[in-house]
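Chemist: Once you've had a glance at the structure underneath, I'll fire off some questions.
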Amino acid sequence: MEETTVNKGEATRVRIVEAAYRLFLEQGYHGTSMRQIGDRAEITMGGIYNHFASKEAIWEEVLMAKHPYHEILPLLETAEGSTVDEFVRDAASRLVRELGRRTDVLNLMFIELVEFNGIHIPRLYEAILPHLLRLSEVFSHKRGHLRTLSLPVLARSFSGFFFSYYVTGLLMPPAARRAMGRDALEDFVDIYLYGILAGPTEHTHD
Numbered sequence: 024m025e026e027t028t029v030n031k032g033e034a035t036r037v038r039i040v041e042a043a044y045r046l047f048l049e050q051g052y053h054g055t056s057m058r059q060i061g062d063r064a065e066i067t068m069g070g071i072y073n074h075f076a077s078k079e080a081i082w083e084e085v086l087m088a089k090h091p092y093h094e095i096l097p098l099l100e101t102a103e104g105s106t107v108d109e110f111v112r113d114a115a116s117r118l119v120r121e122l123g124r125r126t127d128v129l130n131l132m133f134i135e136l137v138e139f140n141g142i143h144i145p146r147l148y149e150a151i152l153p154h155l156l157r158l159s160e161v162f163s164h165k166r167g168h169l170r171t172l173s174l175p176v177l178a179r180s181f182s183g184f185f186f187s188y189y190v191t192g193l194l195m196p197p198a199a200r201r202a203m204g205r206d207a208l209e210d211f212v213d214i215y216l217y218g219i220l221a222g223p224t225e226h227t228h229d
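For the record, in the sequence shown the residue sitting at position 56 is 79 according to our numbering, with numbers rising by one throughout.
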């Protein structure tokens, strides 16, 4: 009986989070009321407050539950390649494919950054960091000459590289994306791994 009650309570909590998630994307955080969340979830106000003390508590749950790291990190941890170069290219390809299915990600992050000034990001980072550190450790054991960097720095650079590619791609007009060509991701990986300076035998821009 107790297990049934717990399962029912968890199901109710999920309904609240799903309803709030949709409303926040449609209307923003401040444009959404607790009553609207209750109506969308078909739950009374009292029922909502049994699970969440405030609307902000619901937002925190939405941010943690809907952030793409749940899908992305397992994909990255199974990336293939015996060298650093091969591993990063495979990881980048997997990540871009997955993020392409998550058109909501930018809206979620903008709500957090614009409406909350990023105050919940540290909690999110605490959840993600152990996974990134494990990934960076895998990364550091691949064949290839790596600079001596701490795992947190390596993790930050790795995640920042992917995030910048994804966000700038969404913000650029279609014509600019087309001008970058189909190999834009490969070029980004090259820059991440080897920098922007050309080798002595490569063509350079004056």
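Every residue gets a Cβ at the ideal spot worked out from N, C-alpha and C, and that includes glycine.
Residue 157 bridges to which residues according to DSSP?
Modeler: Position 134 of the sequence shown, counted from the start, is the residue given in the question as residue 157. Answer is none; residue 157 lacks a bridge partner.
Chemist: DSSP puts residue 166 in a beta bridge; with which residues?
Modeler: Start at 1 with the first residue of the sequence shown, and residue 166 comes out as number 143. DSSP, once it has assigned bridges, lists 106 as partnering residue 166.
Chemist: Out of curiosity, what's the CA-to-CA distance linking residue 185 and residue 95?
Modeler: On the sequence shown, position 162 is the one that residue 185 refers to. On the sequence shown, position 72 is the one that residue 95 refers to. Computed Cα separation, rounded: 11 Å.
Chemist: If I measure Cβ to Cβ from residue 177 and keep anything under 6 Å in the same chain, skipping five residues before and after, which residues do I get?
Modeler: Start at 1 with the first residue of the sequence shown, and residue 177 comes out as number 154. Within the same chain, residue 177 has close Cβ partners 159.
Chemist: Straight-line CA distance for residue 47 to residue 106?
Modeler: The residue labelled residue 47 in the question sits at position 24 within the sequence shown. The residue labelled residue 106 in the question sits at position 83 within the sequence shown. Near 42 Å, if we compare the C-alpha coordinates of residue 106 and residue 47.
Chemist: Which runs of the alpha helix (DSSP H) at least 4 residues long sit entirely within the stretch 31 to 112? Give them in chain order.
Modeler: Those alpha helix (DSSP H) runs which fall completely within the stretch 31 to 112 and span 4+ residues are 57 to 64, 68 to 74, 78 to 89 and 92 to 100.
Chemist: Check this for me: beta carbons of residue 212 and residue 115, under 9 Å apart or not?
Modeler: Start at 1 with the first residue of the sequence shown, and residue 212 comes out as number 189. Start at 1 with the first residue of the sequence shown, and residue 115 comes out as number 92. Contact flag set, yes.
Chemist: Which value, in whole angstroms, describes the spacing of the CA atoms of residue 135 and residue 75?
Modeler: The residue you call residue 135 lines up with position 112 of the sequence shown. The residue you call residue 75 lines up with position 52 of the sequence shown. Their backbone Cα atoms lie some 18 Å apart in a straight line.
Chemist: With a threshold of 16 other CB atoms inside 10 Å of the CB of residue 110, please say whether the residue is buried or exposed.
Modeler: Start at 1 with the first residue of the sequence shown, and residue 110 comes out as number 87. Flag for residue 110 reads buried.
Chemist: Residue 171 by DSSP, collapsed to three states: which one?
Modeler: Within the sequence shown, residue 171 is the residue found at index 148, counting from 1. Of the three classes helix, strand and coil, the one that applies to residue 171 here is coil, per DSSP.
Chemist: If the criterion is Cβ atoms closer than 9 Å, does the pair residue 66 and residue 81 meet it?
Modeler: Here residue 66 corresponds to residue number 43 of the sequence shown, with the count starting at 1. Here residue 81 corresponds to residue number 58 of the sequence shown, with the count starting at 1. For residue 66 and residue 81, no; Cβs fall outside 9 Å.
Chemist: Under 8 Å from any heavy atom of the ligand MN, does the C-beta of residue 78 make it?
Modeler: In the structure shown, the ligand MN is absent, as is every other ligand, since no ligand is present at all.
Chemist: Hey, residue 155 and residue 182: beta-carbon distance below 9 Å or not?
Modeler: On the sequence shown, position 132 is the one that residue 155 refers to. On the sequence shown, position 159 is the one that residue 182 refers to. Taking 9 Å as the Cβ cut-off, residue 155 and residue 182 qualify as a contacting pair.
Chemist: Going by other Cβ atoms of all chains shown within 10 Å of its Cβ, with 16 needed for buried, is residue 142 buried or exposed?
Modeler: The residue labelled residue 142 in the question sits at position 119 within the sequence shown. With fewer than 16 Cβ atoms within 10 Å of its Cβ, residue 142 is classed as exposed.
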